[in-house]
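Here's the structure we're looking at; comments come further down.
Numbering (the UniProt record's numbering), first residue to last: 1 to 445.
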């Protein structure tokens, strides 16, 4: 009888309804993530006015969700390697929706900070699980493209948060934008019915009956009962997963990847939180400043989509280095106070190569680690990266408190782009087989 592997079935499958369904769920999750994380930037000017917050206090509140994401990525996301991507995605969607809704009822900075922390905790576990789910279903040659298409919806959610803020805040107050964030809970019953588990996870857990049904949907040519040579990590799957991120000569690569995530998130979250206020301080009306936030995130969507296409052709590592360098250049150029056309062009480029780079670097992390530690690897990279995300809003608040010249504010946000390019550029390229499915033994079933 003809033998095959789970990876071979997935890699050779033609893109079909099952792939579209999984991609749609991933896009929905990232839109939800983008809305919840960026919405604070839409309300911070009103919140500072109503609660008499200083820039440093507002920046610290903006970092609460990012502290939550740090712990969600490092403590909760690895649970997906033990209990499955699907289960964690559903539970974290419920938790994030509830926490975002309660944020609208906050009456003090402490209450708001606590709700934002829990929102971030849930999203910190949710996003790596969704990225890995897409990665483990993607056919060969489309992995980076699909992950970045999914990740681009983070920017769609960010744009949506700005538009909802423009439409609702003047009439209904800042609380209204958080009430909108509860809507994803309505999708949970559909997730329970239609969101599949990762084939790679089912393979590692030996759940053959479920695996056969899923593979037949992924590739209609597959016949249940076909003899499979299963890839298994043997005893490694039961060992502590965090130390495995530093084994097999990949310790330096793991640390440099963490630096890349941190620099990317510092630029992304810092700009999404403080761009409206920075532009307002530069002499632009507040309404125009919110439009600049939309422009930034439109550029992010373009950058994520183009980045995925480029990564599948040029290589993910080279694409990341290029994007980090362009981010540094465009942000530095924003400080020269350019005319309207050049300003918007630079904002599009900056969005494409800062927030858009988040999509590409998640794809790189998913390719970097083997299946049995993939959620741990991506979760820790994204979680440690939140240190940069936490620093972003704090950096913006500190810069405003120092009352620096307009240009120096943007130079401060450009420096992480240089550091990110250097970190990713020094990662040694790993063999393809060690970044894909971890093969330790053959077992025909």
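Glycine residues also receive a C-beta, built at the ideal position from the N, C-alpha and C atoms.
Of the other Cβ atoms in all chains shown, fewer than 16 fall within 10 Å of the Cβ of residue 426; this residue is therefore exposed. In this structure, residue 180 lies away from residue 156, with their beta-carbon atoms at least 8 Å apart. Look at residue 354 here: in three-state DSSP terms it is coil, with no helix or strand label. Ranked by how close their Cα comes to the Cα of residue 66, the residues 78, 25, 14, 122 have 122 in first place. Using a 10 angstroms sphere on the CB of residue 258, the tally of other CB atoms reaches 16 or more, which defines it as buried. For residue 111, the three-state secondary structure derived from DSSP is helix. The C-beta separation of residue 262 from residue 385 comes to about 5 Å, placing the pair in contact by the 8 Å criterion. In the pairwise beta carbon analysis, the segment 342-354 is classified as not touching the segment 133-143: fewer than three pairs are separated by under 8 Å. The alpha carbon of residue 268 has as its nearest neighbour, out of 52, 388, 144, the alpha carbon of 388.
In the three-state reduction of the DSSP assignment, residue 345 falls in the helix class. A straight-line Cα-Cα distance of about 35 Å links residue 28 and residue 281. The continuous stretches of alpha helix (DSSP H) do not include residue 369, and DSSP gives it neither H nor E.
Distances from the CA of residue 321 to each of 6, 354, 338 were compared; the closest alpha carbon is that of 354. DSSP, reduced to helix, strand and coil, places residue 136 within a helical segment of the structure shown. By the 16-neighbour rule on beta-carbons within 10 angstroms, residue 206 is exposed. Assigned with DSSP and collapsed to three states, residue 4 falls in strand. It is roughly 13 Å from the alpha-carbon of residue 364 to the alpha-carbon of residue 356. Looking at 201, 195, 139, 97, the one whose alpha-carbon comes closest to that of residue 375 is 201.
Of the candidates 295, 8, 58, the residue whose Cα lies closest to the Cα of residue 342 is 295. Looking at the backbone, the Cα of residue 199 and that of residue 214 are separated by about 7 Å. Boundaries of the alpha helix (DSSP H) around residue 96: 85-103. Counting only the Cα atoms, residue 26 lies some 13 Å from residue 143. Contact between the segment 160-178 and the segment 28-48 is present: 3 or more CB-CB pairs across the two stretches fall below 8 Å. When DSSP states are grouped into helix, strand and coil, residue 403 belongs to the coil group.
Excluding five sequence positions before and after residue 274, the CB atoms of its chain that fall closer than 6 Å to its own CB belong to 396, given in chain order. The beta carbon of residue 323 is closer than 6 Å to those of 353, 357 in its chain, skipping five residues each way along the sequence. A residue is called buried when at least 16 other Cβ atoms come within 10 angstroms of its Cβ; residue 336 does not meet this threshold and is exposed. Put simply, the segment 413-421 does not touch the segment 83-92. Fewer than three CB pairs are less than 8 Å apart. For residue 197, no alpha helix (DSSP H) segment is defined, and its DSSP state is neither H nor E.
Burial is judged here by how many other beta carbons sit within 10 angstroms of a residue's own beta carbon; residue 193 has fewer than 16 and is exposed. Excluding residues up to 5 positions away in sequence, 301, 304, 305, 359 lie with their Cβ nearer than 7 Å to the Cβ of residue 152 in the same chain.
Sixteen is the threshold: when 16 or more other Cβ atoms of the shown chains lie within 10 Å of the Cβ of residue 97, as they do, the residue is buried. Closest in C-alpha terms to residue 196, from the list 130, 60, 171, comes 130. If you ignore the 5 residues before and after residue 79, its C-beta comes within less than 7 Å of the C-beta of 88, all in its own chain and listed in chain order. Excluding five sequence positions before and after residue 104, the CB atoms of its chain that fall closer than 6 Å to its own CB belong to 175, 178, 179, given in chain order.
For residue 24, the enclosing alpha helix (DSSP H) begins and ends at 17-51.
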